[in-house]
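Q: Residue numbers (this note's numbering): 194 to 661.
Heads up, the beta-carbon is just placed ideally off N, CA and C, and yes, glycines get one too.
1. Report buried or exposed for residue 435, applying the criterion of at least 16 other Cβ atoms within 10 angstroms of its Cβ.
2. Count the other CB atoms, across all protein chains shown, that sit within 10 Å of the CB of residue 299; report buried if there are 16 or more and exposed otherwise.
3. Using the three-state DSSP reduction, which class does residue 278 fall into: helix, strand or coil?
4. Measure how close the beta-carbons of residue 613 and residue 645 come, nearest whole angstrom, since I'm counting them as under 8 Å.
5. Can you find the residues in the same chain that come closer than 7 Å, C-beta to C-beta, to residue 311, ignoring five residues on each side of it along the sequence?
6. Nearest to residue 433 by CA position, among 487, 426, 411 and 441, is which residue?
7. Kindly indicate the opening and closing residues of the beta strand (DSSP E) around residue 545.
8. Using the DSSP secondary-structure output, state which residues sit across from residue 434 in a beta bridge.
9. I want to know whether the region 462–477 touches the region 489–499 - three or more CB-CB distances under 8 Å.
10. If we count the other Cβ atoms within 10 Å of its Cβ and call it buried at 16 or more, is residue 655 buried or exposed?
11. Using alpha carbons as the reference points, say which of 348, 364 and 521 lies closest to residue 401.
12. Residues in the same chain with beta-carbon distance under 7 Å from residue 224, minus the five sequence neighbours each way, listed in chain order, please.
13. On the three-state DSSP scale, how would you describe residue 653?
14. Grouping DSSP H, G and I as helix and E and B as strand, with all else coil, what is residue 647?
15. With respect to the beta strand (DSSP E) encompassing residue 317, which residues constitute its N-terminal and C-terminal limits?
16. Between the region 316–325 and the region 273–293, do three or more beta carbon pairs fall short of 8 Å?
17. Can you tell me the Cα-Cα spacing of residue 385 and residue 421, whole angstroms?
18. Which residues in the same chain have their Cβ closer than 8 Å to the Cβ of residue 568, if we skip the five residues on either side of it in sequence?
19. Verify the CB distance criterion: does residue 475 have a CB-CB separation below 8 Å to chain D?
20. Quick one: residues in its chain with C-beta nearer than 6 Å to the C-beta of residue 630, no 5 flanking neighbours on either side, listed in chain order?
21. Check residue 257 in the structure and name its three-state DSSP category.
22. Tell me the rounded alpha-carbon separation between residue 481 and residue 382.
Here is the structure:
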């Protein structure tokens, strides 16, 4: 596959792209037209309930599985050796557009309150694609305290193939990819796709991930992503090494070894998993409340000691089940960079866990303010209804508060439309998130797409101010 060099920013067609007057600081100009009928109240989930019994906490225990270095090296050698993030950034081939170049439907999907101070819409090939769903985000601010990976500022966005779209070929189902975004210049960002795969035990081949990556965290040199409850290997999380990116050599719809070389469904780069975690008690069942949690959203908490991975499960809006929030510590061992803290038996135990009445959780964040004993938990609620803004809740043991765009109980729907995961960039004080939909006007996936996908950042200070 040929690698196209960085191209100059091009204006999008007028039919698709309307201009939004003003700078990024005025991004709410379009969002604030949300009517009062859209800003209806959600049920208050109330206070968090701490889960403390041994039986309750045991449900969250993980078992670690490490791929052998020899098998990973065998795969890398057969594909011409590894490359790093910097190589992908040198060959970006798609553009993120600033808010002024985005369609009104995209900017209208932004939060009403608190306001986004940065916002970007995707390249035209991705903004209206109904074959793919953007679901997660993490940054080099997660990866390293200085906010850079080497010399680069980077944002990663995880997209899942839309298997619910009628007529999709089997070869495409279960695919998962990440956009590696060059964020060195926040006014001129470009990106390139990398396909996520799972290698065979002996390193002779690889398969597609076959999981939606609804949660994703880049910590040190590792990328942790969620796995489907129906994963063929029964895994809950997969782990990738950001230094083990490989080049595909054949442009073919297949995934893996093909006549003449290696294919990644037409993508130029592929990344094989180097480790995984399964629930020690068995696979979860998203259709029932079977105690074992299904991983939904993920994020990093650098305010804990040690740094920790936080997770949330999600039930449909209005469901009777209580969702749970929990965390695991990352390892401090020098030879276990980016891996979770495991005991001698390879078991990873949760540090803490909570139950909440909040449902439809699409994003989770934990942050402990200086001087505070306990962390606040933030969850993004997505109602799953067309043209309906979500709610951003702050949950504590004392109760729940929502970011509001008014003074009454009917003003809680102020967060983005179809919002997904949350990621806090500590160095800049910004919370990054993104929206998902490009469905048709009937909320289906066969008619003319209506692009509502936007990547945005909101200062955490603005979020806390909106909750006072």
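A: So, from the data block:
1. Here residue 435 is taken as the residue at index 242 of the chain shown, counted from 1. Looking at its Cβ environment, which holds 16 or more other Cβ atoms inside 10 Å, residue 435 is buried.
2. Numbered from its first residue, the chain shown carries residue 299 at position 106. By the neighbour-count rule (16 or more Cβ atoms within 10 Å), residue 299 is buried.
3. Taking the first residue of the chain shown as 1, we reach residue 278 at position 85. In this structure, residue 278 counts as helix in the three-state DSSP scheme.
4. Translated into the one-based positions of the chain shown, residue 613 becomes position 420. Translated into the one-based positions of the chain shown, residue 645 becomes position 452. That pair is no contact at about 12 Å.
5. Position 118 of the chain shown holds residue 311. Excluding positions up to five away in sequence, the list reads 217, 379, 649 and 650.
6. The count along the chain shown starts at 1 and reaches residue 433 at position 240. Checking every option, the nearest Cα to that of residue 433 belongs to 411.
7. Counting from one through the chain shown, the residue named residue 545 turns up at place 352. Unbroken beta strand (DSSP E) run through residue 545: 545–549.
8. Numbered from 1 along the chain shown, position 241 holds the residue referred to as residue 434. Residue 434 pairs with 415.
9. no
10. The residue given as residue 655 occupies position 462 in the chain shown. Answer is buried; the Cβ neighbour count reaches 16.
11. The residue given as residue 401 occupies position 208 in the chain shown. Of 348, 364 and 521, the residue nearest in Cα terms is 364.
12. Looking up residue 224 in the chain shown gives position 31. Interpretation of residue 224 is limited by its pLDDT of 43, a score under 50 that renders its predicted location unreliable; no figure is taken from the coordinates.
13. In the chain shown, the residue the question calls residue 653 occupies position 460. Helix.
14. Start at 1 with the first residue of the chain shown, and residue 647 comes out as number 454. Coil, per DSSP.
15. Working through the chain shown from its first residue, we reach residue 317 at position 124. No beta strand (DSSP E) holds residue 317; the alpha helix (DSSP H) holding it covers 317–320.
16. yes
17. Here the question's residue 385 lines up with position 192 in the chain shown. Here the question's residue 421 lines up with position 228 in the chain shown. Distance between the alpha carbons of residue 385 and residue 421 is about 24 Å.
18. Counting from one through the chain shown, the residue named residue 568 turns up at place 375. Answer for residue 568: 494, 496, 497, 559, 560 and 561, listed in chain order.
19. In the structure shown, chain D does not exist; there is a single protein chain.
20. The sequence position of residue 630 within the chain shown is 437, counting from 1. Contacts found: 611 and 645.
21. Here residue 257 corresponds to residue number 64 of the chain shown, with the count starting at 1. Reduced to three states, the DSSP call for residue 257 is strand.
22. Sequence index remark: in the chain shown, residue 481 carries index 288 (1-based). Sequence index remark: in the chain shown, residue 382 carries index 189 (1-based). Approximately 42 Å, taken between the alpha carbons.
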